[in-house]
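All residue numbers for the sequence shown refer to the UniProt record's numbering, where the first residue is 1 and numbers rise by one.
Heads up, the beta-carbon is just placed ideally off N, CA and C, and yes, glycines get one too.
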Amino acid sequence: MIDQDDPNNPSKRMLGLSDIKTPVNELHVGMFVTALDRDWLETPFLTQGFYIESPDDIKKIAEYCKYVWVLGRPKPLHTGKVDFESGVLIGRKPTKYEVVHSSIEEHKFVDGFIQKASEFTKGMLDNLRAGGVLDTQTARGVVSDVVASVVRSPDALMWMTRMRDEDAYTAEHSLNVCILATVFGRKLGLRKPQLINLGLCGFLHDVGKTKIPEAVLNKPSKLTDKEMKMMQAHATHGRNILMEKRDMYEGAIEVAYSHHERPDGKGYPRGLSSVDTSLFTKIISIVDAYDAMTADRVYQKARPSSQALNIIYEVRGQQFDENLALAFIQTIGLYPPGSVVELVNGCVGLVLETNLNYRHLPLVLLMRDENKKECNHRLVDLALTVTGELSRQYFIRYMLRDGSCGISLKACFEAGILNHLGDA
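Here's what the structure looks like:
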């Protein structure tokens, strides 16, 4: 049995969240288990982190553990669907999607699509900034392509959201929120037409910023009270821009107007509470904050994914819907695709895709040897440590910043490295 209180224990280091040590006899349905009092590999639990969905789950945990760690004390887990306009639970089962392509196969599609999508997004925002009209049909087409890719294989486009260009933040952010919201919606079990509507909400949520002066939008220092009011007005501007389009999905108008509202009523522009905002608004609120925190801005450096998730966890129920915040943390996972990671043996590589059964053991493209020297690239499935085909020296030790050890996500993509992996 391992000491989970030991700060050197990999399962505690990897999570980076504020867990609560809980005796098994105090567990209840709806809690999310993040760590055990023994190695996961000594138990039959297939996933590294899971919701307790029934009393039988608690009985099974009790057979192997005296206590576990859980993410706070969430409300009982709801397994039904929700009405996507109101957020009210209804008794339908969520849609389950199968992964059709590996992330490597899907990258061959993404390679051509993402450049066109990025160019359209930038052009769309520039056009609005110049007083032009929104091209709703093409915007929906971009979102439909995003949804099609995410449904086939969510990890490929997740990888793209980690490529950053500080000079193109607003356009990049719009596309990233569309992608991340779609991945989250897929995890929640939304049907494909609903994923398209959710993706459109994410894609257009910040169009109101095209009406904010560049000097305010990109100011590197703290905004004055007057400038803050100007910035916050982007929510109203966004609503007005989208309302001008008769063919606009009404949910996107609501999200543009309300994505800075909070459950505690301290948001803007109307100070609404959680019961007054739609499910899609709650989702985009979380995704918007996560992508903003993990990007380099003129006034702050990007936070690591784990730190951003920790912040979301800490303010759940106040700034973000509690259950959705916990579900989003689970969706993003310990090592999102595109993360630069260092293994216990010192090798460094890129996470290509997650393993749903062993979330701490993804597929990694190794690019640096144990001495941090460039080496022949090779794919390593860290889940092979479970069967003993790989030693535990292949466990992940740290998640590094993009650019560490000379590994740049954008450079890898532009060099077409991923396009040749399937042939190896």
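Asked, Found
"What is the rounded straight-line gap between the Cα of Arg397 and the Cα of Leu134?", "46 Å"
"Measure the C-alpha to C-alpha separation of Met231 and Leu41 and round it to an integer number of angstroms.", "50 Å"
"Residues bridged to Gln300 by DSSP?", "Arg297"
"On the three-pair Cβ rule with 8 Å, is the region 49–63 touching the region 23–41?", "yes"
"Please give me, in chain order, every unbroken run of the alpha helix (DSSP H) with length at least 4 that falls completely inside the region 251–337.", "279–293, 305–314 and 322–332"
"Consider the Cβ of Arg392: report whether some Cβ of chain B lies at a distance smaller than 8 Å.", "Looking for chain B here will not work: only one protein chain is present."
"Where does Ser149 land, buried or exposed, given buried means 16+ other C-beta within 10 angstroms?", "buried"
"Can you list the alpha helix (DSSP H) stretches of 4 or more residues lying completely in the region 214–256, in chain order?", "214–217, 225–232 and 234–243"
"Is Phe50 near the ligand GTP, going by C-beta to nearest heavy atom under 7 Å?", "Looking at this structure, you won't find the ligand GTP or any other ligand, since it has none at all."
"DSSP has Pro23 in a bridge; who is on the other side?", "Tyr67"
"Have a look at Glu314, Gly49, Asn240 and Tyr394 and flag the residue whose alpha-carbon is nearest the alpha-carbon of Gly349.", "Tyr394"
"Along the chain, where does the beta strand (DSSP E) containing Ala35 start, and where does it finish?", "Phe32 to Leu36"
"Within 10 angstroms of the Cβ of Ala415, are there 16 or more other Cβ atoms? Answer buried if so, exposed if not.", "exposed"
"In angstroms, rounded to a whole number, what distance separates the CA positions of Val151 and His107?", "14 Å"
"Hey, could you find the ends of the beta strand (DSSP E) Arg164 is sitting in?", "Element bounds for Arg164: n/a, residue is neither H nor E."
"Going by DSSP, what residues sit across from Met399 in a beta bridge?", "Val341"
"Three or more C-beta pairs under 8 Å: does that hold for the region 327–337 against the region 283–302?", "yes"
"Give me the residue from Tyr358, Asn323, Gly346 and Arg378 with the minimum Cα distance to Tyr335.", "Tyr358"
"Using a Cβ-Cβ cut-off of 8 Å (strictly less than) and excluding sequence neighbours within five positions of Ala117, which residues of its own chain qualify?", "Val142, Asp145, Val146 and Leu175"
"Between which residues of its own chain and Thr138 is the CB-CB distance below 7 Å, once the five residues before and five after are set aside?", "Phe120"
"Between the Cα of Met160 and those of Ser274, Leu352, Gln319 and Gly388, spot the shortest distance and give me the residue it belongs to.", "Leu352"
"Specify, as a first and last residue, the run of the alpha helix (DSSP H) that Leu379 falls within.", "Element bounds for Leu379: not the alpha helix (DSSP H) but the beta strand (DSSP E), Glu374 to Asp381."
"Cβ atoms of Leu379 and Leu356: under 8 Å apart, would you say?", "no"
"What does Gly349 pair with, by DSSP beta-bridge criteria?", "Val341 and Leu366"
"When burial is assigned at 16 or more other CB atoms within 10 Å of the CB, is Ile253 buried or exposed?", "buried"
"In its own chain, which residues sit with a C-beta less than 6 Å from the C-beta of residue 458, not counting the 5 before and 5 after it?", "There is simply no residue 458 to check, as the chain begins at 1 and stops at 424 in what is shown."
"Would you kindly report the start and end of the unbroken alpha helix (DSSP H) that includes Glu98?", "Unbroken run through Glu98: none, as it is neither H nor E."
"Looking at Arg401: is its Cβ nearer than 8 Å to the Cβ of Val341?", "no"
"Classify Tyr358 as helix, strand or coil using the three-state DSSP reduction.", "coil"
"Please go through the same chain and pick out, in chain order, the residues whose beta-carbon is closer than 6 Å to the beta-carbon of Asp6, but skip the five residues on each side of it.", "The predicted model places Asp6 with a pLDDT of 42, which falls under 50 and marks its position as unreliable, so this point remains unresolved."
"Measuring straight from C-alpha to C-alpha, what distance separates Cys412 and Gly406?", "10 Å"
"Give me the DSSP bridge partner(s) of Tyr51.", "Phe32"
"Does DSSP put Ile212 in a helix, in a strand, or in coil?", "coil"
"Can you tell me whether Ser306 is buried or exposed, with buried defined as 16 or more other CB within 10 angstroms of its CB?", "buried"
"Quick check on Asn197: buried or exposed, where buried means 16 or more other Cβ atoms within 10 Å of its Cβ?", "buried"
"What is the rounded straight-line gap between the Cα of Met399 and the Cα of Val344?", "11 Å"
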